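A.B. asks: Let me give you the structure first, and then I'll get to my questions.
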Amino acid sequence: MAEMGERDREFMGLALALARKNAASAEGGPFGAVVVYEGKVVGEGRNQVTATNDPTAHAEIVAIREAARKLKRFDLQGCVVYTSCEPCPMCLAAAYWARVDRVVYSATQNEAAAAGFDDAFLYEELAKPIPARSLKVERVTGDGEDPFAVWLANPNRIPY
């Protein structure tokens, strides 16, 4: 495990407190996360999958969404995500899309698997070629103008 500084420990403590509180409730899994910008928490999240019936309501996603709203931007460069557990593929992808500077986690994916939260299947599936995956993904092309051509022709588009 990497050496953590005092501030890292402080922010990780906040993420772990959210995870513990959620673990003791019936509102979601034992996961918590905070997003920090310039030394201040700008987003916090706890797993809300079962409370909201939203499979994407993982702690990191909830925290990233809140941080983006508060900062009024979709690019979270300069931010750090502190999360109680190593991010699943969805949350890790969200961190990449948000362009955060760093993700700091506590529990490993193996520790999560021992508690019944096993992401190994997802990592294995994503490594397979599309036709070999258990989720059938098929391409169907449409008629009309290509949406990417419309996008590229739009002088008011906001690249991201």
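For the sequence shown, the positions run 77 to 236 when my numbering is used. Yeah, the Cβ is synthetic: ideal placement off N, Cα and C, and Gly gets one too. From a predicted model like this one, the values you see are computed outputs, not experimental measurements.
(1) Looking at Val138: is its Cβ nearer than 8 Å to the Cβ of Cys155?
(2) Would you be able to state if there are at least three C-beta pairs under 8 Å between the segment 112-123 and the segment 136-152?
(3) CB-CB under 6 Å to Gln185, same chain, minus the five flanking residues each way: which ones, in chain order?
(4) For Pro106, count neighbouring C-beta atoms within 10 Å of its own C-beta (all shown protein chains included) and say buried if the count is 16 or more, exposed if not.
(5) Does the distance from the CB of Asn98 to the CB of Gly104 come in under 8 Å?
(6) By DSSP, does Arg178 sit in helix, in strand, or in coil?
(7) Quick check: what's the CA-CA separation for Thr217 versus Ala225?
(8) For the putative contact between Val157 and Val111, defined by C-beta atoms under 8 Å, what is the C-beta separation to the nearest angstrom?
(9) Check this for me: beta carbons of Pro223 and Tyr199, under 8 Å apart or not?
(10) Buried or exposed for Phe87, please, with buried defined as at least 16 other CB atoms from any protein chain shown within 10 angstroms of its CB.
(11) Report yes or no: is there a C-beta of chain D within less than 8 Å of the C-beta of Ala99?
(12) Check Glu120 in the structure and name its three-state DSSP category.
(13) Taking only runs of the alpha helix (DSSP H) that begin and end inside the segment 152-234, which ones reach a length of at least 4 residues, in chain order?
(14) What are the start and end residues of the beta strand (DSSP E) that includes Ala109?
C.D. replies: Inspection of the coordinates gives the following:
(1) Within the sequence shown, the letter at position 62 stands for residue 138. Within the sequence shown, the letter at position 79 stands for residue 155. No, the Cβ-Cβ distance between Val138 and Cys155 is not below 8 Å.
(2) yes
(3) In the sequence shown, residue 185 corresponds to position 109, counting from 1. Only Glu162 and Asp195 meet the Cβ criterion.
(4) What you label residue 106 is simply residue 30 of the sequence shown in a count that begins at 1. Pro106 is buried by the Cβ-count criterion.
(5) For the purposes of this step, residue 98 is taken as the residue at position 22 of the sequence shown. For the purposes of this step, residue 104 is taken as the residue at position 28 of the sequence shown. It is a contact, given that the beta carbons lie within the stated cut-off.
(6) By 1-based counting over the sequence shown, the position of residue 178 is 102. Of the three classes helix, strand and coil, the one that applies to Arg178 here is strand, per DSSP.
(7) Working through the sequence shown from its first residue, we reach residue 217 at position 141. Working through the sequence shown from its first residue, we reach residue 225 at position 149. Each residue's alpha carbon lies about 14 Å from the other.
(8) Walking along the sequence shown from the start, residue 157 turns up at place 81. Walking along the sequence shown from the start, residue 111 turns up at place 35. Their Cβ separation, rounded to whole angstroms, is 5 Å, which keeps Val157 and Val111 in contact under 8 Å.
(9) Taking the first residue of the sequence shown as 1, we reach residue 223 at position 147. Taking the first residue of the sequence shown as 1, we reach residue 199 at position 123. No.
(10) Taking the first residue of the sequence shown as 1, we reach residue 87 at position 11. With 16 or more other Cβ atoms within 10 Å, it is buried.
(11) Among the protein chains of the structure shown there is no chain D, as only one such chain exists.
(12) Position 44 of the sequence shown, counted from the first residue, corresponds to residue 120. DSSP places Glu120 in strand when its eight states are reduced to three.
(13) 165-174, 185-190, 196-203 and 223-229
(14) Working through the sequence shown from its first residue, we reach residue 109 at position 33. Unbroken beta strand (DSSP E) run through Ala109: Gly108 to Tyr113.
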